[in-house]
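Below is one structure, written out as structure tokens, with a few remarks after it.
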Amino acid sequence: MTHDAPGPSPADQLATIAAAPDLTRPASAAERVAGLGTLVVLYACLVAAMEFDLPRAAGVGVFVLGLAAFIAWNTHHIGAARRRPYTRVESAARFGGPVLMAIPGISLVFGDGPDTLTAHLVAAAVPTVAGAVHLVLRWRR
61 MTHDAPGPSP ADQLATIAAA PDLTRPASAA ERVAGLGTLV VLYACLVAAM EFDLPRAAGV
121 GVFVLGLAAF IAWNTHHIGA ARRRPYTRVE SAARFGGPVL MAIPGISLVF GDGPDTLTAH
181 LVAAAVPTVA GAVHLVLRWR R
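Counting in this note's numbering, the final residue of the sequence shown is number 201, and the numbers go up one at a time with none missing.
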């Protein structure tokens with residue numbers, strides 16, 4: 061294109077601007093309900109699995125399913141169209157959930173750790189809260 065060649069018309073430029081993603085699409089109500097449901101199920105399953113002293117294979121299964129829930133939400137938010145990029149805090153929360161699954165994971169996989177209900181409630185709450193922080197930060201606009 062030379063300097064004398066005509067550029068795109070103003071109507072074409074406005075159409076290009078209108079077609080650009082705005083990165084502010086809010087999370088749908090269904091996504092929010094599914095996220096809260098996932099967190100409730102995650103917390104309940106972790107507490108129940110630790111409280112009932114499941115066999116090692118079942119504990120590993122619960123641990124892997126918990127990690128799969130975190131990975132599924134991470135994958136969803138990375139691939140969701142018209143969403144803003146991650147902030148540093150959101151990236152830390154996204155990384156923190158699966159890492160903090162090690163707290164209940166010690167009890168689930170190895171059978172070690174305290175055997176009180178309070179300890180199980182707290183151990184399950186730590187990764188669940190990290191997951192909640194990640195989801196809520198991604199939902200805010």
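Positions of the beta carbon are idealized from the N, C-alpha and C atoms, including for glycine.
Everything numeric in this text was worked out from a predicted model, so none of it was measured.
Separation of residue j from residue i, as counted between CA atoms
i, j, result
"residue 144", "residue 190", "20 angstroms"
"residue 134", "residue 101", "17 angstroms"
"residue 105", "residue 122", "7 angstroms"
"residue 112", "residue 77", "57 angstroms"
"residue 154", "residue 91", "17 angstroms"
"residue 186", "residue 79", "42 angstroms"
"residue 148", "residue 200", "15 angstroms"
"residue 128", "residue 171", "21 angstroms"
"residue 175", "residue 115", "15 angstroms"
"residue 131", "residue 180", "23 angstroms"
Buried versus exposed, by CB contacts within 10 Å (16 or more), residue i
i, result
"residue 140", "exposed"
"residue 192", "buried"
"residue 44", "No statement about residue 44 is possible, as the shown extent of the chain runs from 61 to 201 and does not include it."
"residue 67", "exposed"
"residue 159", "exposed"
"residue 93", "exposed"
"residue 96", "exposed"
"residue 195", "buried"
Same chain, Cβ closer than 6 angstroms to residue i, neighbours up to 5 away in sequence not counted
i, result
"residue 137", "198"
"residue 166", "172, 173"
"residue 156", "190"
Contact set for residue i: own chain, Cβ-Cβ below 7 angstroms, skip 5 residues either direction
i, result
"residue 163", "183, 186, 187"
"residue 119", "109, 168, 169"
Cβ-based neighbour list, residue i, same chain, cut-off 8 angstroms, excluding 5 preceding and 5 following
i, result
"residue 103", "184, 185, 188"
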